[in-house]
Amino acid sequence: MMDASPRFGFAGLGVMGVPMARHLLDPGPLTVWNRTASRADGLVSEGAALAETPAALLDASDLVGICILDGAAVREVALGKDGFIAAAEKAGKTIVDFSTIAPDEAQAIGSELKTHGIDWIDAPVSGGVPAAEAGSLIVLAGGDAAAIERARPLIDRVSSRMTHLGPSGAGQLAKLCNQMIVANNMMVMAETLAFGRKAGVDVEQLAAALKGGFADSLPLQIFGPRMATHTYEPKLGGASVMLKDLKMAVAAAQAADAWTPTSERTIELYRSLGKKPGHSLDDDISSLITLFEDE
1 MMDASPRFGF AGLGVMGVPM ARHLLDPGPL TVWNRTASRA DGLVSEGAAL AETPAALLDA
61 SDLVGICILD GAAVREVALG KDGFIAAAEK AGKTIVDFST IAPDEAQAIG SELKTHGIDW
121 IDAPVSGGVP AAEAGSLIVL AGGDAAAIER ARPLIDRVSS RMTHLGPSGA GQLAKLCNQM
181 IVANNMMVMA ETLAFGRKAG VDVEQLAAAL KGGFADSLPL QIFGPRMATH TYEPKLGGAS
241 VMLKDLKMAV AAAQAADAWT PTSERTIELY RSLGKKPGHS LDDDISSLIT LFEDE
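Note that the UniProt record's numbering has the sequence shown beginning at 1, numbered continuously upward.
Below you can see the structure in the form of structure tokens.
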């Protein structure tokens with residue numbers, strides 16, 4: 001049985017993972033792992049221990065959070081040769097996957113780990129880098145209720161709200177709904193700001209002017225000013241990540257026999273950013289405005 005002060009672990013130290021893991025340093029202990037070990041240097045200097053493999057990370061932890069780019073990478077960390085499944089001490093451990101992956105992948109990984117005594121919670125997050133830094137992410141959880149309750153000491157440190165939406169995979173389905181809204185919203189924002197500028201609107205004031213109205217949103221307040229001023233650094237999120245998630249959402253919708261004409265067109269527009277000279281899908285998502293401004 002886990003004691004009152006669980007040992008935390010975290011795998012995946014990208015733009016979201018580093019600030020999320022930082023919230024686990026106090027009171028600690030915290031062990032971290034990343035494929036590129038140098039990404040852990042800052043956290044190690046602040047008191048975290050560095051594991052050589054995901055298996056070693058799980059051995060050193062009771063609750064492990066992970067935040068990794070895609071399903072293939074999550075599967076490797078969980079089920080690969082040096083993955084969680086290879087840990088010497090597996091029974092009673094709980095892994096919270098904050099990544100955004102396909103619901104069926106989450107279910108398959110969780111099912112395999114469960115046969116080895118490891119609980120798996122799919123817990124994708126919403127709020128982006130600012131919320132990760134503030135510890136105020138929104139968590140959309142799928143999995144066993146008892147396992148989610150055991151994971152609360154970790155989840156509560158990185159989030160302001162967690163909703164249990166059902167069994168394994170339910171959290172990922174909810175996140176894909178979230179991403180469908182956000183991805184389309186980002187494209188409409190870019191189109192709107194480009195239109196406003198050409199029509200003579202002072203678009204640098206537009207986000208503030210619309211704050212509190214029906215058109216307001218967190219993306220508008222965070223990314224609207226960046227689009228209006230062509231500010232792409234520091235990067236808050238690549239267009240490629242949003243495209244990945246929107247493609248997964250459309251695939252899940254097709255599996256459910258749901259019609260998604262708007263999102264399918266938006267996917268085409270995201271892809272067009274990667275074809276523009278001087279641009280790529282690795283660009284900050286604020287650069288979507290160039291689709292509508294550049295001749």
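From the three backbone atoms N, C-alpha and C, an ideal C-beta is built for every residue, glycine too.
Neighbourhood of residue i by C-beta distance below 8 Å, restricted to the same chain and skipping five residues each side
i	result
V129	V15, M16, P19, L236 and G237
K114	W120
E89	L58 and D59
R39	L13, G14 and V18
T231	P225 and S286
Cβ shell of residue i (< 7 Å), same chain only, five flanking positions each side left out
i	result
T262	N184
C177	none
D82	T53, P54 and A55
Same chain, Cβ closer than 6 Å to residue i, five either side skipped, listed in chain order
i	result
T48	Reading off the sequence, residue 48 comes out as Ala, not Thr. So the list reads L30 and V32, once near-sequence residues are dropped.
A87	A55, L58 and D59
F223	S286
R197	V203
N34	L13 and A40
Any non-hydrogen atom of the ligand ZN within 7 Å of residue i CB
i	result
G238	You won't find the ligand ZN in this model; it holds no ligand whatsoever.
Span separating the alpha-carbon of residue i from that of residue j
i	j	result
L288	D122	30 Å
E293	L25	44 Å
A207	I138	23 Å
A145	D202	50 Å
L210	E112	48 Å
E52	F214	49 Å
M186	L281	14 Å
M189	L69	25 Å
R7	K93	10 Å
R22	R265	38 Å
K276	T192	20 Å
Y270	E133	27 Å
R75	G135	26 Å
Q172	A151	17 Å
F10	L246	26 Å
Whole-angstrom C-beta distance between residue j and residue i, which should lie under 8 Å
i	j	result
M180	A249	4 Å
G166	G200	Contact doesn't hold; Cβ gap of about 49 Å is too wide.
A106	S168	6 Å
Cβ of residue i within 8 Å of any chain C Cβ
i	result
R39	In the structure shown, chain C does not exist; there is a single protein chain.
Check: Okay, do the stretch 151-166 and the stretch 54-72 touch, 3+ Cβ pairs below 8 Å being the bar?
Finding: With the rule of 3 Cβ pairs closer than 8 Å, the stretch 151-166 counts as touching the stretch 54-72.
Next item on the list: Check whether the stretch 274-288 touches the stretch 236-250, taking contact to mean three or more Cβ pairs, one atom from each stretch, closer than 8 Å.
Entry: A contact exists between the stretch 274-288 and the stretch 236-250.
Margin query: Pairs of beta-carbons, one from the stretch 94-110 and one from the stretch 162-179, closer than 8 Å: are there three or more?
Written below: These segments touch.
Margin query: As an exercise, report each continuous alpha helix (DSSP H) stretch of at least 4 residues that is fully enclosed by the stretch 190-252, in chain order.
Written below: Complete alpha helix (DSSP H) runs here, min 4: 206-210 and 218-228.
Checklist line | Runs of alpha helix (DSSP H) wholly within the stretch 125-159 (minimum 4 residues, chain order) | finding: Restricted to the stretch 125-159, the alpha helix (DSSP H) segments that are unbroken, complete and at least 4 residues in length are 128-134, 145-150 and 152-158, listed in chain order.
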